[in-house]
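All letters in the sequence shown, in the order written, are residues 11 to 342 by this note's numbering.
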Amino acid sequence: MDPRSEVLLRQAELFAGKVLLAGLPADGLLGELPEAHGWSWHWDEHSAVAARHPGRCQFGTQVPAQAFAAAVLFLPKSRELTDYLLAALAARLPGAPLYLVGEKRAGIERAAKQLQPFGRPRKLDSARHCQLWQVTVEQVPAAPELETLARRYPVATTDGELQVVSLPGVFSHGRLDVGSRLLLEHLDGLPEGAVLDFGCGAGVLGAALQRHYRHSALHLLDVDAFAVASSRLTLAANGLAGEVIAGRGIADAPHDLAAIVSNPPFHQGVHTDYQATEQLLRDAARHLRPGGELRLVANSFLRYAPLIEQHLGPCTVLAERDGFRVYSARRA
């Protein structure tokens, strides 16, 4: 059981009714709270919860439509995403309790101050290196419109300027990260055919690929609902088309691809997690056609080359700068 869930269950009587659990972990919490409903924006966690409790968890960026008497937000990593989620939940809870739970190392005490616009926060519990806070929603905000919170910024490419639309919580929100900038400079020479932007984030690589390879079918995949929404907005802002997929990882990607291009994620919440990227390197060959290419950028300290060569084939470093490397390998 996730320690945050354990803290909630220490005071289970507070959550016995129709409670919305926002950002809930993939553990047995819903089984302990039979009237509760889940809302997740992480496809992997949503899939695990929905498989165990069919019909009791919704995936997406918007608060579920059904009525609930209280809500619990499991603290996300992004402060801006926390602001959006708290406001979206508080708008549905006039005079009702809104709870915030999170790990101390994730900054729960600081985040608890974000409850202040709605009422007077109070700490209910501190255990398992976590804290549980509660506010009765006395100042009810207007329901926030997610798209108005987007940050838009230009990115120069060899095929012209792109407009990137980034939503709260998306990797490198509102700016182009160093790794993607390096990879954007090395997109030439990919095989012709369907291409996948794996871990697409705000869709900057996918948009650049579609602009550069206009006759190639574009697929973009991310585990996060806010990234999926951002990528769709970025494609639309540039008059581009592509299939944007919410998926657990490379297992949910299309097959018979000519290329997989990625600035792969390796953080989930406050924990460092390389699993999705390592699985990509192990299984890329299953999704690439013969002669298909994997091209990705990664921190130089990560020893990805041996893993790529073990599962795909000879690996070439196309570029190295500012602590990042661009790797390339083709399926035999």
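Backbone N, C-alpha and C define an ideal beta-carbon position, used for all residues, glycine too.
CB of residue i within 8 angstroms of CB of residue j, strictly
{"i": "residue 201", "j": "residue 269", "result": "yes"}
{"i": "residue 18", "j": "residue 25", "result": "yes"}
{"i": "residue 222", "j": "residue 206", "result": "no"}
{"i": "residue 69", "j": "residue 112", "result": "no"}
{"i": "residue 243", "j": "residue 210", "result": "no"}
{"i": "residue 307", "j": "residue 240", "result": "no"}
Pairwise C-alpha distance: residue j and residue i
{"i": "residue 86", "j": "residue 250", "result": "31 angstroms"}
{"i": "residue 319", "j": "residue 340", "result": "10 angstroms"}
{"i": "residue 48", "j": "residue 330", "result": "43 angstroms"}
{"i": "residue 89", "j": "residue 121", "result": "8 angstroms"}
{"i": "residue 141", "j": "residue 116", "result": "10 angstroms"}
{"i": "residue 144", "j": "residue 109", "result": "4 angstroms"}
{"i": "residue 252", "j": "residue 203", "result": "13 angstroms"}
{"i": "residue 172", "j": "residue 77", "result": "40 angstroms"}
{"i": "residue 43", "j": "residue 176", "result": "35 angstroms"}
{"i": "residue 159", "j": "residue 227", "result": "30 angstroms"}
{"i": "residue 198", "j": "residue 311", "result": "25 angstroms"}
{"i": "residue 139", "j": "residue 38", "result": "19 angstroms"}
{"i": "residue 91", "j": "residue 72", "result": "12 angstroms"}
{"i": "residue 149", "j": "residue 130", "result": "10 angstroms"}
{"i": "residue 166", "j": "residue 194", "result": "9 angstroms"}
{"i": "residue 67", "j": "residue 168", "result": "43 angstroms"}
{"i": "residue 327", "j": "residue 215", "result": "19 angstroms"}
{"i": "residue 213", "j": "residue 224", "result": "16 angstroms"}
{"i": "residue 75", "j": "residue 65", "result": "13 angstroms"}
{"i": "residue 125", "j": "residue 155", "result": "19 angstroms"}
{"i": "residue 62", "j": "residue 41", "result": "9 angstroms"}
{"i": "residue 191", "j": "residue 245", "result": "18 angstroms"}
{"i": "residue 187", "j": "residue 23", "result": "45 angstroms"}
{"i": "residue 133", "j": "residue 303", "result": "52 angstroms"}
Sequence-distant residues of the same chain with beta carbon closer than 6 angstroms to residue i, five excluded per side
{"i": "residue 101", "result": "151 and 153"}
{"i": "residue 27", "result": "45 and 79"}
{"i": "residue 325", "result": "315, 318, 319, 337 and 339"}
{"i": "residue 305", "result": "271 and 338"}
{"i": "residue 16", "result": "138"}
{"i": "residue 266", "result": "299"}
{"i": "residue 342", "result": "323"}
Within-8 angstroms CB hit, residue i to chain D
{"i": "residue 141", "result": "The structure shown contains no chain D; it is built from a single protein chain."}
Same chain only: Cβ atoms within 7 angstroms of residue i, ignoring 5 sequence neighbours per side
{"i": "residue 57", "result": "258"}
{"i": "residue 185", "result": "163"}
{"i": "residue 104", "result": "147 and 150"}
{"i": "residue 309", "result": "333 and 334"}
{"i": "residue 161", "result": "176, 183 and 184"}
{"i": "residue 247", "result": "173 and 175"}
{"i": "residue 60", "result": "67"}
Cut-off 8 angstroms between Cβ atoms - residues of its own chain near residue i, not counting five sequence neighbours on either side
{"i": "residue 261", "result": "289 and 293"}
{"i": "residue 54", "result": "36, 233, 258 and 259"}
{"i": "residue 321", "result": "291, 292, 293, 294 and 295"}
{"i": "residue 12", "result": "35, 37 and 39"}
Sufficient close CB pairs (3 or more, under 8 angstroms) joining the region 295 to 309 to the region 230 to 248: They do not touch, by the three-pair rule.
The region 118 to 135 contacting the region 90 to 99, beta-carbon criterion three pairs below 8 angstroms: By the Cβ criterion, the region 118 to 135 is in contact with the region 90 to 99, since at least three pairs of Cβ atoms, one from each stretch, lie closer than 8 angstroms.
Runs of beta strand (DSSP E) lying entirely within the region 30 to 74, each at least 3 residues, in chain order: Counting whole runs of 3 or more residues, the region 30 to 74 contains the beta strand (DSSP E) stretches 47 to 50 and 67 to 69.
Ordered list of alpha helix (DSSP H) runs contained in the region 82 to 131, each at least 4 residues: Listed in chain order, they are 89 to 100 and 118 to 122.
4-residue-minimum alpha helix (DSSP H) runs that sit fully inside the region 177 to 213, ordered along the chain: The region 177 to 213 contains these whole alpha helix (DSSP H) runs: 188 to 194.
Length at least 4, wholly inside the region 281 to 326: the alpha helix (DSSP H) runs in chain order: Inside the region 281 to 326, DSSP marks whole alpha helix (DSSP H) runs of 4 or more residues at positions 285 to 297 and 315 to 321, from first to last along the chain.
Entirely enclosed beta strand (DSSP E) segments - the region 230 to 260, minimum 3 residues: With a minimum length of 3 residues, the continuous beta strand (DSSP E) runs that stay inside the region 230 to 260 are 253 to 256.
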